[in-house]
């Protein structure tokens with residue numbers, strides 16, 4: 001981690017390998033609040049950490065609304081107990097959602113495998129019938 005106190009939007013975009021448009025979107029959503037110098041945005045280390053948390057949450061499947069709730073909770077109450085309880089609640093919800101998605105995917109994979117087998121069987125039947133027809137025509 002850098003000891004630099006401020007960052008430009010371009011520096012953060014490069015550091016996190018995202019577009020400046022993404023950073024501006026997070027700002028528009030109220031998740032980042034850089035100070036301004038004329039037309040330039042000046043991000044501090046708090047903004048950098050928040051951006052890192054936004055991207056980590058996104059990677060873990062958290063919505064921006066869920067991330068915003070965590071930030072609001074942290075801003076309102078710096079005691080880590082309340083924030084950790086909320087994180088645990090969100091993790092439990094996300095795990096339940098992912099388990100349901102996994103079950104749905106497994107059902108779909110089973111259905112696709114059955115359909116695939118029926119198509120292969122039908123294709124084999126068509127090919128066998130075609131060979132018989134061609135063979136009987138050749139013998140004429």
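Residue numbers (the UniProt record's numbering): 1 to 140. All residues carry an ideal CB built from backbone N, CA and C; glycine is no exception. Just so we're clear, the structure is a prediction, and the values are computed from it rather than from any experiment.
Query	Result
C-alpha gap between residue 1 and residue 45, whole angstroms	In this predicted model, residue 1 has a pLDDT of only 48, less than 50, meaning its place in the structure is not dependable; the value taken from the coordinates is given anyway. Going by the C-alpha atoms only, they are around 10 angstroms apart.
Simplified DSSP state of residue 19, which is helix, strand or coil	coil
When 74, 36, 37, 61 are compared against residue 50, the one with the closest alpha-carbon	74
Cut-off 8 angstroms between Cβ atoms - residues of its own chain near residue 60, not counting five sequence neighbours on either side	94
Beta-carbon proximity list for residue 81, same chain, < 8 angstroms, skipping 5 on both sides	none
Residue 86 Cβ short of 7 angstroms to the ligand ATP heavy atom set	What this structure holds is no ligand at all, so the ligand ATP is not there to describe.
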